[in-house]
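Below is one structure, written out as structure tokens; the observations come after it.
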Amino acid sequence: MANTSEVKKRLNQHRNKAIECETIRKELEYAIERYGDVKAVSFDGMPKGKGGDNGGPTERQVLRKIALEDKLKKRETELEADWRELEPLMSVLSPTESLVIKMRYDYAEEWSEICRRIYGQNKDFEAERDGYYNRVFKMHGRALLALARIFRPEN
Numbered sequence: 000m001a002n003t004s005e006v007k008k009r010l011n012q013h014r015n016k017a018i019e020c021e022t023i024r025k026e027l028e029y030a031i032e033r034y035g036d037v038k039a040v041s042f043d044g045m046p047k048g049k050g051g052d053n054g055g056p057t058e059r060q061v062l063r064k065i066a067l068e069d070k071l072k073k074r075e076t077e078l079e080a081d082w083r084e085l086e087p088l089m090s091v092l093s094p095t096e097s098l099v100i101k102m103r104y105d106y107a108e109e110w111s112e113i114c115r116r117i118y119g120q121n122k123d124f125e126a127e128r129d130g131y132y133n134r135v136f137k138m139h140g141r142a143l144l145a146l147a148r149i150f151r152p153e154n
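Take 0 as the starting number for the sequence shown in numbering that gives the first Met the number 0 and just add one per residue.
Following this line, the structure appears as structure tokens:
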């Protein structure tokens, strides 16, 4: 039987990158909400006395937002490149197994969301939720075994 620890470790590294992107995205959304009412530029020519080496509060807010946008774009580019390395492995999986792996590791979804997305349309989903969770976990395990057979970690 193939050892799944290496492939799972590699997939979790990718998942952590996806979680980091989502965290930055949430921080950016917060910054936009918080700084959304950035004061308009005054063209009256009157000095305000808030300039200086550190800039004013508006400048700091804008710079913080720009820094977050740049950081997010960089991390998203890294995340996409990372998944391009992993995606060829998915060819050995069934479509549903591939979906489970993608949702869990590329989209960093929780098990409850994965289960709901795959089986939630079934009429007995609420009553048989535990059974559907077991199906997802078994599918995930089969997928990891299949991936472990072909995965060659880069050192």
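We put the beta carbon where it would ideally sit given N, CA and C, even for glycine.
Using only the alpha-carbon positions, how far apart do glutamate 68 and leucine 62 sit?
Reading the sequence shown from its first residue, position 69 is the one you call residue 68. Reading the sequence shown from its first residue, position 63 is the one you call residue 62. Counting only the Cα atoms, leucine 62 lies some 10 Å from glutamate 68.
Just to check my reading of the structure: valine 91 and isoleucine 113 have Cβ atoms closer than 8 Å, yes? What is that Cβ distance to the nearest angstrom?
Counting from 1 along the sequence shown, the entry for residue 91 is found at position 92. Counting from 1 along the sequence shown, the entry for residue 113 is found at position 114. Not a contact, Cβ separation roughly 20 Å.
Leaving aside the five residues before and after asparagine 154 along the sequence, list all residues of the same chain whose C-beta is less than 8 Å from its C-beta, in chain order.
The residue given as residue 154 occupies position 155 in the sequence shown. Residue placement at asparagine 154 is poorly supported in this model, since its pLDDT is 46, which falls under 50; the coordinates are not used for a value here.
Which runs of the alpha helix (DSSP H) spanning at least 4 residues fall entirely within the region 5-33, listed in chain order?
Here no run is fully enclosed.
Do three or more CB pairs link the region 14-28 to the region 70-88 at distances below 8 Å?
In short, these stretches touch, since the Cβ pair count reaches three.
Through-space distance from asparagine 15 to lysine 64, alpha-carbon basis:
Counting from one through the sequence shown, the residue named residue 64 turns up at place 65. Counting from one through the sequence shown, the residue named residue 15 turns up at place 16. As the crow flies, the alpha-carbon of lysine 64 is around 23 Å from that of asparagine 15.
Let me confirm a value: isoleucine 31 is counted as buried when at least 16 other C-beta atoms fall within 10 Å, else exposed. Which label applies?
Taking the first residue of the sequence shown as position 1, residue 31 is located at position 32. Result: exposed.
Quick one: what's got a C-beta closer than 8 Å to arginine 9's C-beta in the same chain, skipping five residues either side?
Your numbering for residue 9 matches position 10 in the sequence shown. Cβ neighbours of arginine 9 within its own chain (closer than 8 Å, five residues either side excluded): Leu85, Phe150, Pro152.
Serine 97 by DSSP, collapsed to three states: which one?
Numbered from 1 along the sequence shown, position 98 holds the residue referred to as residue 97. In the structure shown, serine 97 falls within a helical segment according to DSSP collapsed to helix, strand and coil.
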